[in-house]
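Enquirer: After the structure tokens below, expect a handful of questions from me.
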Amino acid sequence: MKTVVTGGSGRAGRHVVDALVEAGHDVVNLDRTRLAGLPCPTIVIDLTDAGEVYDAFAQTNPEGVCHLAANPSPGGFSRQATFVGNMAIAYNVMQAAGDSGVKRFISAGSEMATGWLTTEALPSRFPFTEEDRVASPNAYALSKYLVEPMADSMVVRYPKMAICTLRINNVIPPEESVEMLEPRRTHFPGPGSANFWSYIDARDVGTAFRSALEGKSDGHEVFLIAAADTCIDVPIQEAVQTRYGTPGAFADGHGPHQSVFDCSKIERFFGWKPAHSWRDA
Numbered sequence: 201m202k203t204v205v206t207g208g209s210g211r212a213g214r215h216v217v218d219a220l221v222e223a224g225h226d227v228v229n230l231d232r233t234r235l236a237g238l239p240c241p242t243i244v245i246d247l248t249d250a251g252e253v254y255d256a257f258a259q260t261n262p263e264g265v266c267h268l269a270a271n272p273s274p275g276g277f278s279r280q281a282t283f284v285g286n287m288a289i290a291y292n293v294m295q296a297a298g299d300s301g302v303k304r305f306i307s308a309g310s311e312m313a314t315g316w317l318t319t320e321a322l323p324s325r326f327p328f329t330e331e332d333r334v335a336s337p338n339a340y341a342l343s344k345y346l347v348e349p350m351a352d353s354m355v356v357r358y359p360k361m362a363i364c365t366l367r368i369n370n371v372i373p374p375e376e377s378v379e380m381l382e383p384r385r386t387h388f389p390g391p392g393s394a395n396f397w398s399y400i401d402a403r404d405v406g407t408a409f410r411s412a413l414e415g416k417s418d419g420h421e422v423f424l425i426a427a428a429d430t431c432i433d434v435p436i437q438e439a440v441q442t443r444y445g446t447p448g449a450f451a452d453g454h455g456p457h458q459s460v461f462d463c464s465k466i467e468r469f470f471g472w473k474p475a476h477s478w479r480d481a
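The sequence shown begins at 201 in our numbering and counts up by one.
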């Protein structure tokens with residue numbers, strides 16, 4: 201499938217490109233920077249400029265889009281730049297895709313869209329699903345959440361374009377998994393508690409996007425994606441009690457190192473499951 205990947209030079213995007221190219225897709229990367237060694241051509245672009253976006257889509261004529269370009273994390277930019285930039289990029293890319301006749305649009309959401317990661321509130325149950333969320337005061341989290349109702353509207357405008365939002369967890373490159381996750385163990389219960397000590401290997405992000413791109417769905421669907429395990433040695437039940445002062449409402453049989461993000465929906469739709477763990481590094 202001729203596929204545009206936005207943000208393919210980034211930490212997660214490069215693994216999406218790798219997964220798609222390996223599966224035989226014809227990929228073009230749209231990004232503000234080039235990445236040496238990326239196995240596809242790159243068009244350097246300002247995705248906040250709608251004219252540039254439309255020109256790139258006219259040039260590439262894609263059937264599918266994997267949209268990952270965004271201000272990648274809270275705190276790296278001002279609140280206004282984060283919110284306005286992420287919303288403008290998403291709108292420009294979705295609209296250009298719809299007007300270009302794209303059939304499959306896979307969007308990089310965020311686990312922060314759940315809201316739990318930016319408040320002291322806890323979900324009413326562990327594990328929690330795509331339906332469980334709380335309002336967030338964080339500009340990045342708000343921008344990632346509001347792209348989801350934007351997608352709801354876009355599939356009404358463009359009924360032939362299906363959109364899947366993958367709420368990506370904290371992305372860890374495979375070559376840095378032990379190093380990046382070590383502070384969450386050595387400084388427990390501090391670092392990592394905001395997302396309940398969850399993460400995802402960047403290679404699994406790639407396969408999740410490929411599965412959604414190649415799969416079948418209608419309208420707009422939202423999916424959680426995360427590693428199957430936590431990134432700490434402490435049992436998750438004990439970790440929640442220590443950090444939040446409450447045991448949390450865990451389902452019977454929830455494993456001590458099992459993620460609290462319920463990713464069963466994407467498995468039902470597309471057969472995807474995470475394959476990698478920092479414990480195997």
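Idealized CB from N, CA, C, for every residue including glycine.
1) Could you check what DSSP says for Ile432 in three-state terms: helix, strand or coil?
2) Grouping DSSP H, G and I as helix and E and B as strand, with all else coil, what is Leu247?
3) Check the DSSP bridge columns for Asp231 and list the partner residues they point to.
4) Quick one: Cα of Ser459 to Cα of Tyr291, how far?
5) Can you tell me which of the three DSSP states Met362 falls into?
6) Considering only their Cβ atoms, is the gap separating Thr407 from Trp472 smaller than 8 angstroms?
7) Round the Cβ separation of Leu366 and Ala412 to the nearest angstrom and send it over; I've been treating them as touching at under 8 angstroms.
8) Based on DSSP bridge pairs, tell me the residues matched to Ala308.
9) Could you check whether Thr314 and Ala269 sit closer than 8 angstroms to each other, using their CB atoms as the reference points?
10) Quick one: grab the DSSP three-state call for Asp452.
11) Leaving out the 5 sequence neighbours to the left and right, which residues in its chain are closer than 8 angstroms to Val244 when beta-carbon positions are compared?
12) Looking only at DSSP bridge pairs, what is Val405 linked to?
13) Report all residues from its chain with a CB closer than 6 angstroms to the CB of Arg333; omit the five preceding and five following residues, and keep chain order.
14) From the DSSP output, in three-state form, read off Phe388 for me.
15) Can you check whether the CB of Ala362 is closer than 8 angstroms to the CB of Asp418?
16) Return yes when the Cβ of Ile425 is within less than 8 angstroms of the Cβ of Ile372, no when it is not.
17) Counting only the same chain and skipping the five closest in sequence on each side, list residues whose C-beta sits under 7 angstroms from that of Pro383.
18) Going by the beta-carbon positions, is the gap between Val347 and Gly298 smaller than 8 angstroms?
19) Between Gly237, Cys266, Ala219, Gly285, which has its C-alpha nearest Ala250's C-alpha?
20) Let me confirm a value: Ala341 is counted as buried when at least 16 other C-beta atoms fall within 10 Å, else exposed. Which label applies?
21) What are the start and end residues of the beta strand (DSSP E) that includes Gly264?
22) Can you tell me the Cα-Cα spacing of Cys431 and Cys364, whole angstroms?
23) Can you give me the C-alpha to C-alpha distance between Thr442 and Pro456, rounded to a whole angstrom?
Expert: Taking the geometry as given:
1) One-based indexing of the sequence shown puts residue 432 at position 232. Coil at Ile432, not helix or strand.
2) Locating residue 247 in the sequence shown gives position 47, where the first residue counts as 1. Note: Leu247 maps to coil in three-state DSSP.
3) On the sequence shown, position 31 is the one that residue 231 refers to. Answer by DSSP bridge pairing, in chain order: Val244.
4) On the sequence shown, position 259 is the one that residue 459 refers to. On the sequence shown, position 91 is the one that residue 291 refers to. C-alpha separation (whole angstroms): 32 angstroms.
5) Numbered from 1 along the sequence shown, position 162 holds the residue referred to as residue 362. Before going on, a small fix: residue 362 reads as Ala here, not Met. Reduced to three states, the DSSP call for Ala362 is strand.
6) The residue you call residue 472 lines up with position 272 of the sequence shown. The residue you call residue 407 lines up with position 207 of the sequence shown. Closer than 8 angstroms, so yes.
7) Along the sequence shown, one-based indexing puts residue 366 at 166. Along the sequence shown, one-based indexing puts residue 412 at 212. A Cβ-Cβ distance of about 6 angstroms is found for the pair Leu366 and Ala412, placing them in contact under the 8 angstroms criterion.
8) For the purposes of this step, residue 308 is taken as the residue at position 108 of the sequence shown. DSSP, once it has assigned bridges, lists Leu366 as partnering Ala308.
9) For the purposes of this step, residue 269 is identified with residue 69 of the sequence shown, where counting begins at 1. For the purposes of this step, residue 314 is identified with residue 114 of the sequence shown, where counting begins at 1. Not in contact: Ala269 and Thr314 (Cβ atoms no closer than 8 angstroms).
10) Residue 452 sits at position 252 when you count from the first residue of the sequence shown. Coil at Asp452, not helix or strand.
11) Translated into the one-based positions of the sequence shown, residue 244 becomes position 44. Asp231, Arg232, Thr233, Arg234.
12) In the sequence shown, the residue the question calls residue 405 occupies position 205. Looking at the DSSP assignment, Val405 forms no beta bridge with any residue, so it has no partner.
13) On the sequence shown, position 133 is the one that residue 333 refers to. Excluding residues within five positions, the ones whose Cβ falls inside 6 angstroms are Thr314, Gly315.
14) Sequence index remark: in the sequence shown, residue 388 carries index 188 (1-based). The answer is coil: DSSP assigns Phe388 none of H, G, I, E or B.
15) Indexing the sequence shown from 1 puts residue 418 at position 218. Indexing the sequence shown from 1 puts residue 362 at position 162. Yes, they are a contact pair.
16) Residue 372 sits at position 172 when you count from the first residue of the sequence shown. Residue 425 sits at position 225 when you count from the first residue of the sequence shown. Result no, Cβ atoms of Ile372 and Ile425 do not sit closer than 8 angstroms.
17) Translated into positions along the sequence shown, residue 383 becomes position 183. Same-chain partners within the cutoff: Pro391.
18) Residue mapping note: residue 347 aligns to position 147 of the sequence shown, counting from 1. Residue mapping note: residue 298 aligns to position 98 of the sequence shown, counting from 1. For Val347 and Gly298, no; Cβs fall outside 8 angstroms.
19) Along the sequence shown, one-based indexing puts residue 250 at 50. The shortest Cα separation from Ala250 among Gly237, Cys266, Ala219, Gly285 belongs to Gly285.
20) As a working mapping, residue 341 is identified with position 141 in the sequence shown. Buried, by the Cβ-count rule.
21) Counting from 1 along the sequence shown, the entry for residue 264 is found at position 64. Here the beta strand (DSSP E) through Gly264 covers 264–267.
22) Numbered from its first residue, the sequence shown carries residue 431 at position 231. Numbered from its first residue, the sequence shown carries residue 364 at position 164. Computed Cα separation, rounded: 27 angstroms.
23) On the sequence shown, residue 442 is found 242 positions in, with the first residue counted as 1. On the sequence shown, residue 456 is found 256 positions in, with the first residue counted as 1. Distance between the alpha carbons of Thr442 and Pro456 is about 14 angstroms.
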